[in-house]
Amino acid sequence: MKTLITTIVIGITMLNAKANHHSSAFNLKMFDNGMFSVVIDNSVCLSTNVFSTQNIEPGYHKLKVTRFVQSPYGYNQVSTVVFKGWISIPPKSVVYAQIDYRRQLDVVRVD
Numbered sequence: 003m004k005t006l007i008t009t010i011v012i013g014i015t016m017l018n019a020k021a022n023h024h025s026s027a028f029n030l031k032m033f034d035n036g037m038f039s040v041v042i043d044n045s046v047c048l049s050t051n052v053f054s055t056q057n058i059e060p061g062y063h064k065l066k067v068t069r070f071v072q073s074p075y076g077y078n079q080v081s082t083v084v085f086k087g088w089i090s091i092p093p094k095s096v097v098y099a100q101i102d103y104r105r106q107l108d109v110v111r112v113d
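For what it's worth, the numbering used here labels the leading residue of the sequence shown as 3, then goes sequentially.
The structure is reproduced here in structure tokens:
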């Protein structure tokens, strides 16, 4: 009975270690700290001025960033795509990125 319990505990520990072994984090902001919405791998996130996600799998991810801008006559806001492309997340890292005024994704730092 002891060996069965020990085996189960070791198995659960190994599964937990494997699940968090290669996980990474991704942080994103705009150059002017403005509000934006993020769609990453077809998962919609709420509007924010700093986007942060933990436990993201390493590899390539599809990223789409939109923001609301004032229409030319100022009556309503229009959603425009600021960035749309693929990003690469390295394993076991924290990626800090920013979208600059030219609508390009700049990786500021990778820890």
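Ideal Cβ positions, reconstructed from N, Cα and C, are used throughout, including at glycine.
- CB of R69 within 7 Å of CB of F28, strictly: no
- Query: Of all the options V71, D43 and S54, which has the alpha carbon lying nearest to the alpha carbon of K86?
  - Reply: D43
- List the endpoints of the continuous beta strand (DSSP E) containing R105. No beta strand (DSSP E) holds R105; DSSP gives it neither H nor E.
- Item | Test item: CB-CB of Q1 and F33 under 7 Å | Here the chain has residues from 3 to 113 only, and residue 1 is not among them.
- What's the gap between the Cα of P92 and the Cα of F53? 18 Å
- Message: Let me check one thing: in DSSP terms, what residues is H63 bridge-paired to?
- Response: I89
- Query: Considering L48, what are the terminal residues of the beta strand (DSSP E) in which it resides?
  - Reply: No beta strand (DSSP E) holds L48; DSSP gives it neither H nor E.
- Message: Give me, in chain order, the residues of the same chain whose beta-carbon lies closer than 6 Å to that of Q56; leave out the 5 immediate sequence neighbours on both sides.
- Response: A27
- With burial defined as no fewer than 16 other Cβ atoms inside 10 Å of the residue's Cβ, what is the status of L30: buried or exposed? buried
- Item | Beta carbon of V80 nearer than 7 Å to that of V71 | yes
- Identify every residue that forms a DSSP beta bridge with N29. S54 and Y98
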